[in-house]
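In the numbering used here, the protein residues as written are 1 to 82.
All remarks here apply to the structure that follows.
Set out below in C-alpha cells:
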C-alpha cells in the first residue's frame, strides 16, 4: 500500500490509504517498526492533498495507528490544522 499513497490516480491513492490503515490495525504490533516511515509518507501526502476522501482516509489511518500503539505516534506533532 505504501508505494501507492503517492500514485497519480486519486482512486488508487484513497484505496491505498484505507488499506494501509486496515493493515496497521490488523498487523497490530508487527508494523510498529514501520510507523515512522508510514507517518512521514502520510505527512507529505497530506501537505498537498485536496481530495477530501483521501484526507479522511489519512485521518482514519492515523487513528488506527494510534489505537494500536499511541507511544509509537508522536502525538504532540499530530495536527490537521495549518
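In this text, a Cβ means the ideal position worked out from N, Cα and C, and glycines have one as well.
Everything numeric in this text was worked out from a predicted model, so none of it was measured.
Contact under 8 Å by Cβ, residue i with residue j
i: residue 45; j: residue 62; result: no
i: residue 73; j: residue 35; result: yes
i: residue 1; j: residue 60; result: no
Range of the contiguous alpha helix (DSSP H) that encloses residue i
i: residue 11; result: 10 to 27
Residue i - DSSP class collapsed to helix/strand/coil
i: residue 50; result: coil
i: residue 7; result: coil
i: residue 78; result: coil
i: residue 69; result: coil
Same chain, Cβ closer than 8 Å to residue i, neighbours up to 5 away in sequence not counted
i: residue 5; result: 13, 16, 17, 20, 41, 42, 45
i: residue 69; result: 29, 32, 35
Whole-Å CB distance - residue i paired with residue j, under 8 Å assumed
i: residue 24; j: residue 65; result: 5 Å
Close-in-space but distant-in-sequence residues of the same chain around residue i (CB under 6 Å, 5 per side omitted)
i: residue 47; result: none
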